[in-house]
Amino acid sequence: MFTTRPTLQGTFGMVSSTHWLASQSAMAVLEDGGNAYDAAVAAGFVLHVVEPHLNGPAGEVPIILATAGGDVRVLCGQGVAPAGASVAHYRDALGLDLVPGTGPLAAAVPGAFDAWMLLLRDHGTKPLAEVLKYAIGYAEDGHPPVERVTETIETVRDLFETEWTSSAEVYLPGGTPPAPGELLRNPRLAATWRRLIAEAEAAGGADRDAQIDAAREVWRTGFIAEALVRQSARPTLDTSGKRHTGTLTAADLADWSATYEDPVSHDWNGWTLCKAGPWSQGPAFLQQLALLPDELPAYGSADYTHLLVEGCKLAMADREAWYGDAAEVPVAELLSYTYNARRRELIGERASHELRPGRPGGREPRLSAHARAVASGRRGPCARVRWGPVSRPSREAVSRSWRRTAGPGATPAIWTSSTAGGTWSRRRRPAAGSSPTRRAGTRLPARHPAADDLAGGGPAQLAHPRPPPPHDPDTVARPQGRRARHRLRHAGRGPAGPVAGALLPVGGTACAGARRLRPAGRRRRPQLAHRVLPESFYPRGMRPGSLVVESRTDPQVVAELRRRGHDVTVGGPWSEGRLCAVARDPRTGVLSAAANPRGMQGYAVGR
C-alpha cells in the first residue's frame with residue numbers, strides 16, 4: 001500500500017510529533033540514555049518554541065501515564081479558575097455574558113509547567129538543565145518557522161502591535177514576521193529558562209529532585225509568578241471589545257500544584273482504553289466507542305461515516321449535559337452497555353440536526369444557556385473583537401524499549417499535545433498526554449474552556465477551585481485483560497473542536513484491527529470533521545448538520561451523505577486532523593510510529 005509517510009518500526013525507541021524538531025529532540029534524549037519521560041518533557045518544551053501559535057508552558061496539560069508495573073494514572077496539569085474568577089464578577093460586575101476568548105480574564109491558573117516538572121521528577125532520570133537545553137537552544141539560536149506560524153502572526157499583527165507589544169518584539173522583528181527559511185528567535189524565553197535553571201540549581205544543590213522542586217517553586221512564587229501576576233493586572237483589550245484586568249493572584253499560583261488520580265476506562269472490542277476524568281472531557285471519547293455496534297460497516301463507506309458522526313453527536317450532546325467538574329458526573333451509567341444501546345437506537349437513516357442529551361439513571365439533562373441558544377439556531381454570546389482563527393493542538397508521542405532496566409518488553413511512551421491541551425508520558429511502560437493553552441510570547445495563555453458560559457445551567461460552570469475543562473486529552477489503549485505494558489498509543493483532536501473523523505477513524509479502527517498495527521495507513525486515508533455541537537473553543541459556535549470531508553473522499557460517499565441530510569463541505573485533500581501515533585505490538589514487542597502528513601511538518605523518528 002502506498003503511503004505518504006511510512007510506518008516506522010524498531011525495538012529501541014520511537015517518537016512522533018507535529019514538528020520535526022520536537023521529534024528529533026526527543027529522540028536525542030533517548031539516544032543519550034534518557035527515558036521516555038525525559039524525552040517527552042524535552043519535546044514538549046521544544047514545541048513551545050517552534051509552535052508558539054499552538055502552545056506554551058503557561059497552559060494546561062492532562063497527562064495519562066502507565067508505570068512499569070502496569071498501573072495507569074492521570075497527572076492533572078489543568079489549573080483551576082482563579083479565586084476571583086466567579087460568575088458574579090464576570091457577569092454582574094463586568095457585564096459579560098461569555099468569558100472572553102483572549103486576554104487575562106480568559107486565563108486559568110497555569111498548570112502545564114508544574115505537571116511537566118512533576119512528571120520529570122517522579123518518572124524521569126535527567127536533570128532539568130539537560131531536558132531544557134533543546135528548547136533553550138532553539139529559542140536562543142533560532143529556528144526556521146513553518147509557514148503556518150508566519151500566517152498566524154499576520155492574523156494577530158494589530159493585537160501584537162497595540163496590546164501585546166513584547167510579543168511584537170519577538171514575532172514581528174523589524175515590523176514583519178520571519179519568513180520560512182529565516183530564523184525566529186525568542187531570547188527572552190531562553191533567558192527565562194536559564195535564570196530558572198540557575199536559581200533551581202542554587203537552591204537544590206546537586207540533588208536532581210531538589211532542583212526540580214526548586215524550579216516548581218520559582219514558577220509558583222518566584223520571578224515568573226511575579227511576572228504572571230503583573231501581566232494579569234495590566235488592562236488589556238479582549239474579545240469583548242473592552243480592556244479588562246485579570247483575576248490571577250500570587251496566592252492562586254502559590255496554592256495550586258499538579259496532582260495524580262485514577263483514569264476512567266472502558267472495554268471495547270478486546271481493548272481497554274483509558275482517559276482522564278470527566279473534567280477533561282476524555283470520557284466522551286469512550287462513550288463514542290460505547291455507542292458503536294459490535295460489527296462496523298466498511299471503513300470509509302457512507303454507512304461507516306454516518307454511523308460514526310451520528311454516534312459522535314450523541315456522545316457530544318451528553319458532554320454538553322453531563323461532563324464537567326461542577327457536579328457529580330454519572331460516568332458509570334454514561335459508559336454502560338444498557339444506556340448506550342438505548343442511545344444507539346436514536347441513530348436513524350437521516351442526519352440529526354438536534355442537540356439530544358440522554359437521561360442516565362432518569363436524571364434530567366443540564367444544558368447551559370449558551371448550548372440551548374446555539375442549538376436552537378439563535379446566536380449565543382459572540383465575539384465583538386476577533387483576531388484570526390483559534391489554533392488547534394500540536395501533538396507528540398514517544399516510545400522506548402527499556403530491556404536493560406525493566407526486563408523484556410518494558411516500553412515507556414510519551415505523548416504531548418500543546419495548545420489548549422496537554423502532554424502524555426509514560427515511564428518504563430508509560431503513556432502520557434498533555435495540552436498547554438496557546439499563548440503569545442511569554443504572555444498569559446488564552447483560554448477557550450467549555451466553562452465560558454456565564455448564564456449557568458451546564459455541568460462545567462465557572463467556579464473556583466474547579467478546573468475549566470480542556471479539550472479531550474489523548475488515550476492509552478491496551479489489549480483487554482493485560483497489564484498496561486501492551487498498548488496502542490494514539491493522539492488526536494477531541495471534543496474541543498472538530499472531532500469525529502480526526503480521532504475515531506484512527507484510534508477506534510486501529511483497536512478493531514487488532515494485531516498488525518499500521519498507524520501510517522490510517523493517517524493516509526481521507527479524514528473528516530464536524531462542528532455540529534458547541535465547540536469548547538471560544539466563542540463556542542456550532543453548525544448543525546455540518547460535515548467536512550477531504551476531497552480524496554469517494555464522490556459517491558459524499559453524494560450519499562448529502563442524501564442522508566448531512567451538510568457536507570469538501571475541503572482540501574489533506575485538510576482534516578492533526579494526529580500522531582506510537583504503538584507496541586502485543587505479540588512481538590516491535591515498536592511502531594507514524595506522523596500525520598497534514599500540515600507538512602509532523603514527523604516520526606525511531607529505530
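For the sequence shown, the UniProt record's numbering begins at 1 and goes up steadily by one. Think of the CB as a built atom: it goes at the ideal place given N, C-alpha and C, for glycine as much as any other residue.
DSSP places residue 102 in no alpha helix (DSSP H); its state is neither H nor E. Per the C-alpha coordinates, the member of 244, 37, 542, 315 positioned closest to residue 340 is 315. For residue 121, the uninterrupted alpha helix (DSSP H) segment begins and ends at 112-123. If you draw a straight line from the Cα of residue 353 to the Cα of residue 568, it is about 13 Å long.
In the structure shown, residue 164 falls within a coil segment according to DSSP collapsed to helix, strand and coil. According to DSSP, residue 528 shares a beta bridge with 549.
Nearest in C-alpha terms to residue 221, of all of 185, 19, 110, is 110. In the DSSP assignment, residue 83 is bridged to no other residue.
Residue 224 carries a helical assignment under DSSP once its states are collapsed to helix, strand and coil. The segment 124-135 makes no contact with the segment 268-276; the number of CB pairs closer than 8 Å stays below 3. Look at residue 218 here: in three-state DSSP terms it is helix. The beta carbon of residue 120 is closer than 8 Å to those of 37, 38, 41, 126, 128, 131, 212 in its chain, skipping five residues each way along the sequence. With fewer than 16 other Cβ atoms inside 10 Å of its own Cβ, residue 573 counts as exposed. One thing to note: residue 26 has its Cβ within 7 Å of the Cβ of residue 43.
With respect to the 7 Å criterion, residue 46 and residue 21 are classified as neighbours on the basis of their beta carbons. Taking a cut-off of 8 Å on C-beta distances, the segment 305-315 touches the segment 342-350, as three or more cross pairs fall below it.
Counting of Cβ neighbours within 10 angstroms places residue 4 among the exposed residues, the total staying below 16. With a threshold of 16 other beta carbon atoms within 10 Å, residue 600 falls short and is exposed. If you draw a straight line from the Cα of residue 35 to the Cα of residue 362, it comes to about 48 Å. Look at the segment 245-331 and you find these whole runs of alpha helix (DSSP H), each 4 residues long or longer: 250-255, 282-290, 302-322. The continuous alpha helix (DSSP H) containing residue 150 extends over residues 147-155. Between the segment 279-293 and the segment 318-327 there are three or more C-beta pairs closer than 8 Å, enough to call the two in contact.
If you look at residue 479, you'll find it in the beta strand (DSSP E) that goes 475-479. The C-beta separation of residue 596 from residue 577 comes to about 6 Å, placing the pair in contact by the 8 Å criterion. For residue 197, the enclosing alpha helix (DSSP H) has its first and last residue at 187-204. Going by DSSP, residue 600 is part of no alpha helix (DSSP H) at all; its letter is neither H nor E. At least 7 Å separates the beta-carbon of residue 298 from that of residue 560. In this structure, residue 152 and residue 179 do not form a Cβ contact; the two beta carbons are roughly 14 Å apart against a cut-off of 8 Å. In the assembly as shown, residue 538 is a buried residue. Its beta-carbon has 16 or more other beta-carbons within 10 Å.
Residue 100 is positioned such that its CB atom lies closer than 7 Å to that of residue 239. Taking C-beta atoms under 8 Å as the contact rule, residue 311 and residue 291 qualify, at a distance of about 4 Å. Cβ-Cβ distances below 7 Å link residue 184 to 142, 143, 145, 178 in the same chain, with the five nearest sequence neighbours on each side left out; the list follows chain order.
The C-beta of residue 598 has 16 or more other C-beta atoms within 10 Å across all chains shown, which makes the residue buried. The residues 549, 568, 570, in chain order, have a CB closer than 8 Å to that of residue 558 in the same chain once the five nearest residues on each side in sequence are set aside. Here residue 592 is bridged, per DSSP, to 9, 583.
In the DSSP annotation of this structure, residue 567 is not part of any alpha helix (DSSP H); the continuous beta strand (DSSP E) holding it starts and ends at 567-571.
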